[in-house]
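When you read off a place in the sequence shown, starting at 1, and then add 240, the result is the number in the working numbering. Where a beta carbon is used, it is the ideal one built from N, C-alpha and C, also for glycine. Computed from a predicted structure; not experimentally measured. Working notes, beginning with the structure itself.
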Amino acid sequence: MSTGNPSWSLTSHLLSVHEDQFVRATQSPFLKRAAQGSLSKAVISNWLANDRLYMRGYIRLTGELLRILDLPEKPVSTKSRDPIELRLLDWLVDALVNIRREERFFLDVAERYHINVDIADSNGRVSDAKKIEGLKKFDKLFASLTTGEAPAAFLPWLEGVVVFWATEKVYFTAWSWAKEQAAASSMVDMEKDEDGGAMRKEFIPNWTNEEFIMFVDTLEGLLNEGVREAVGADEAMRRLVEDRASRVWAELLDAEEHFWPQV
Numbered sequence: 241m242s243t244g245n246p247s248w249s250l251t252s253h254l255l256s257v258h259e260d261q262f263v264r265a266t267q268s269p270f271l272k273r274a275a276q277g278s279l280s281k282a283v284i285s286n287w288l289a290n291d292r293l294y295m296r297g298y299i300r301l302t303g304e305l306l307r308i309l310d311l312p313e314k315p316v317s318t319k320s321r322d323p324i325e326l327r328l329l330d331w332l333v334d335a336l337v338n339i340r341r342e343e344r345f346f347l348d349v350a351e352r353y354h355i356n357v358d359i360a361d362s363n364g365r366v367s368d369a370k371k372i373e374g375l376k377k378f379d380k381l382f383a384s385l386t387t388g389e390a391p392a393a394f395l396p397w398l399e400g401v402v403v404f405w406a407t408e409k410v411y412f413t414a415w416s417w418a419k420e421q422a423a424a425s426s427m428v429d430m431e432k433d434e435d436g437g438a439m440r441k442e443f444i445p446n447w448t449n450e451e452f453i454m455f456v457d458t459l460e461g462l463l464n465e466g467v468r469e470a471v472g473a474d475e476a477m478r479r480l481v482e483d484r485a486s487r488v489w490a491e492l493l494d495a496e497e498h499f500w501p502q503v
């Protein structure tokens with residue numbers, strides 16, 4: 241298939257591989273229990289604490305991509321469509337705003353529902369023993385992309401953008417599946433949920449709203465457009481891009497699958 245054909249897209253290719261693992265990463269028992277309101281506060285506390293720590297790596301990767309973007313030196317007319325790099329810049333700026341807003345949302349809900357998300361020791365550090373396996377895998381993945389070394393000359397932003405798209409895609413898909421499970425169960429008396437309704441009243445609606453899917457779809461469009469524009473009809477280059485993207489996609493899915501606690 242030629243990349244000159246607009247029906248080809250990198251994200252469609254990625255979603256066609258490791259399909260079983262994608263399902264496991266988006267349909268876990270933890271998500272089903274969250275949708276039923278049967279997760280204990282202790283389980284939610286530990287997971288939220290680890291999810292908040294994941295944000296640190298997300299922020300560092302944002303900074304790395306901002307560092308390596310090859311922004312145009314020549315001014316771009318306001319009447320012209322911005323090049324991919326400038327539109328990626330806009331998305332990354334929004335991502336930083338969103339992740340900080342998300343952390344504040346975490347802390348606000350945790351305080352209102354009396355959920356402790358602090359697993360740091362007296363020195364303000366979190367030991368590896370308190371990190372779930374998924375967070376350790378994310379730390380490793382983010383570290384591999386934020387070494388400060390010179391990036392690949394061709395599409396230097398590829399792996400980082402794939403990781404951002406993939407983690408947001410999995411997260412939205414996972415919580416959308418949870419929302420479907422919640423709709424199939426009784427939504428009456430959520431205050432009687434084991435977490436007081438935090439998951440079903442606060443978190444699930446927040447992670448499945450229209451703004452979130454638009455955010456994910458915007459990056460998906462930029463990723464596919466940027467790759468198609470750079471690769472053109474070069475089949476060898478297409479395969480090279482698919483190989484590079486597939487490696488981080490597989491690693492990302494592994495981290496996502498292990499991020500859901502065993503319940």
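Minimum C-alpha distance to residue i - residue among the options
| i | options | result |
| --- | --- | --- |
| Leu254 | Val403, Trp417, Gly437 and Phe345 | Val403 |
| Phe262 | Met439, Leu332, Leu492 and Arg292 | Leu492 |
| Leu271 | Leu385, Phe443, Ser367 and Leu459 | Phe443 |
| Ala490 | Arg273, Val410 and Lys319 | Val410 |
| Leu328 | Leu311, Asn338 and Ala350 | Leu311 |
| Glu420 | Arg300, Pro445, Arg487 and Ala406 | Pro445 |
| Ala424 | Ser256, Arg273 and Val333 | Arg273 |
| Ser347 | Ile284, Arg484, Ser416 and Ala418 | Note that residue 347 corresponds to Leu in the displayed sequence, not to Ser. Residue Ile284 is the option with its Cα nearest to Leu347. |
| Glu313 | Phe412, Thr302, Leu326 and Ala414 | Leu326 |
| Ser367 | Leu480, Thr407 and Leu293 | Leu293 |
| Trp417 | Ser256, Asp260 and Gln267 | Gln267 |
| Ala495 | Arg344, Ser278 and Asp291 | Asp291 |
| Trp397 | Asn286, Leu309, Trp287 and Leu279 | Leu309 |
Rounded straight-line distance, which links the Cα of residue j to that of residue i
| i | j | result |
| --- | --- | --- |
| Pro315 | Arg321 | 12 angstroms |
| Met241 | Trp248 | Residue placement at Met241 cannot be trusted, given a pLDDT of 37 that sits under 50; what the coordinates show is reported in the next sentence. Roughly 7 angstroms separates the two Cα atoms. |
| Gln276 | Pro391 | 45 angstroms |
| His258 | Ala265 | 11 angstroms |
| Glu497 | Phe455 | 22 angstroms |
| Pro501 | Pro269 | 9 angstroms |
| Arg478 | Phe394 | 12 angstroms |
| Arg365 | Glu389 | 27 angstroms |
| Ala383 | Leu375 | 12 angstroms |
| Ala473 | Ser252 | 17 angstroms |
C-beta atoms of residue i and residue j nearer than 8 angstroms
| i | j | result |
| --- | --- | --- |
| Val401 | Leu459 | yes |
| Lys432 | Ile355 | no |
| Glu465 | Ile324 | yes |
| Leu250 | Trp331 | no |
| Ala335 | Thr302 | yes |
| Val488 | Glu399 | yes |
| Glu304 | Leu385 | yes |
heavy atom of the ligand ATP below 7 angstroms from residue i C-beta
| i | result |
| --- | --- |
| Gly436 | This structure lacks the ligand ATP; in fact it carries no ligand of any kind. |
Meets three-Cβ-pair contact criterion under 8 angstroms: the stretch 353–360 and the stretch 449–466: By the C-beta criterion, the stretch 353–360 is judged not to be in contact with the stretch 449–466, since fewer than 3 inter-stretch pairs fall below 8 angstroms.
Touching by the beta-carbon criterion (3+ pairs, under 8 angstroms), the stretch 374–382 and the stretch 455–473: Short answer: they don't touch.
Any alpha helix (DSSP H) of 4 or more consecutive residues that is wholly inside the stretch 382–450: Listed in chain order, the alpha helix (DSSP H) runs fully inside the stretch 382–450 are 398–424, counting runs of at least 4 residues.
Every unbroken alpha helix (DSSP H) within the stretch 276–326, with a cutoff of 4 residues, ordered by chain: With a minimum length of 4 residues, the unbroken runs of alpha helix (DSSP H) contained wholly in the stretch 276–326 fall at 281–308.
Three or more C-beta pairs below 8 angstroms linking the stretch 284–302 and the stretch 336–343: Inter-segment contact for the stretch 284–302 and the stretch 336–343 is present: three or more beta-carbon pairs are separated by less than 8 angstroms.
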